[in-house]
Structures are given as C-alpha cells and as structure tokens.
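**Q** One structure is given below, represented as structure tokens, and several questions about it will come after.
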Amino acid sequence: MSTQERGIESVNVPTLQPPRGHYSHGVCANGFVFVSGQLPVTPEGERLVDAPFEVQAKQALDNVAAILSACGSSVSRLVQVRVYITSVDYWGAFNDVYAAWAGDAKPARCVVPVPALSHGVAVEIEATALAG
53 MSTQERGIES VNVPTLQPPR GHYSHGVCAN GFVFVSGQLP VTPEGERLVD
103 APFEVQAKQA LDNVAAILSA CGSSVSRLVQ VRVYITSVDY WGAFNDVYAA
153 WAGDAKPARC VVPVPALSHG VAVEIEATAL AG
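So the mapping is simple: this note's numbering equals the position in the sequence shown, first residue as 1, plus 52.
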C-alpha cells in the first residue's frame, strides 16, 4: 500500500532547495502538516552560515511558512514549533524574530540549545500545523 493510499502525502516545495537527504520538506497526514527541520538556506541553495543570527532565523522561518503554504496550511494554523539554536544567548533574538513572524499565532514551542547543527548554521526549525 502506497503512502498516498494510507492518507500520507509527501510535499516538496519547488521554490525551495530540494532536500539533500531521504526526507520530504513536509508531510500531510490525518489533518496535520509536519514540517521537516528547516535550516537557514535560501531557495537558491545558499547556506547563510556567516549571516547574522536574526537573518538565519528569519530565513528558516520563511522556509517553514513556504512549506505550510504548499501543504494548504499557514502560520496561523501552527500547533507546535521546535527550535534548535547553537547558543542559549540567541534565545532573545530568536524570540523577537519569531514573534514578528508568527504575529497572533502562539503555538506550543520549545527552544533547545544544542552544541552544533548541520553545515555550521545557528538555527534549525521544525513544526506541526493543522492542514488547511
């Protein structure tokens, strides 16, 4: 039985950098959208390793929003957001960028300091939302 036959739809957004591993940008299943961890990578594939933290955070969040949109959802339908940052000192800056991005949406959220992330970036974000 295929994933579509089981009600699971994998989604890759053509305007974003294709996944480099064995995963999809997002998966729609049972009324939810699950967004894979998003790094600060531009649609052209540029990894924003040397960009200021706020620029990295905004790009990763914009990638999440693009995937939600492609799955027929939106930021306003977020249920949970998980954020990994390479320094607890980034918490305040992330919260500011996130609040401006999320607007009135206040899903459940965790921000976890980690020692390192792929490609040397400072932030990775994954999310779960209700489907459109």
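Backbone N, C-alpha and C define an ideal beta-carbon position, used for all residues, glycine too.
Here the structure is a predicted model, which is why all the values come from computation and not from measurement.
Which first and last residues belong to the beta strand (DSSP E) in which Ala179 is found?
**A** Val175 to Leu182 is the extent of the beta strand (DSSP E) around Ala179.
**Q** Counting only the same chain and skipping the five closest in sequence on each side, list residues whose C-beta sits under 8 Å from that of Ala117.
**A** Ser126, Val127 and Trp153, listed in sequence order.
**Q** Taking only three categories from DSSP, how would you classify Gln90?
**A** Three-state DSSP puts Gln90 in a strand.
**Q** Please report the straight-line C-alpha distance between Ala122 and Asn115, rounded to a whole angstrom.
**A** Computed Cα separation, rounded: 11 Å.
**Q** Taking Cβ to Cβ, would you say Ala109 is nearer than 8 Å to Val149?
**A** Yes, the pair counts as a contact, with Cβ atoms nearer than the cut-off.
**Q** Determine the extent of the beta strand (DSSP E) in which Gln132 is found, giving its start and end residues.
**A** From DSSP, the beta strand (DSSP E) with Gln132 extends over Leu130 to Ile137.
**Q** Helix, strand or coil: how does DSSP classify Val85 here?
**A** It is a strand residue.
**Q** Do you know offhand how far Met53's Cα is from Gly78's?
**A** Note on Met53: pLDDT 42, under 50, position unreliable in the model; the coordinate value appears next. Whole-angstrom Cα-Cα distance: 20 Å.
**Q** Assuming contact is defined by CB atoms lying nearer than 8 Å, are Leu120 and Ala157 in contact in what I supplied?
**A** Cβ distance not < 8 Å, so Leu120 and Ala157 don't count as in contact.
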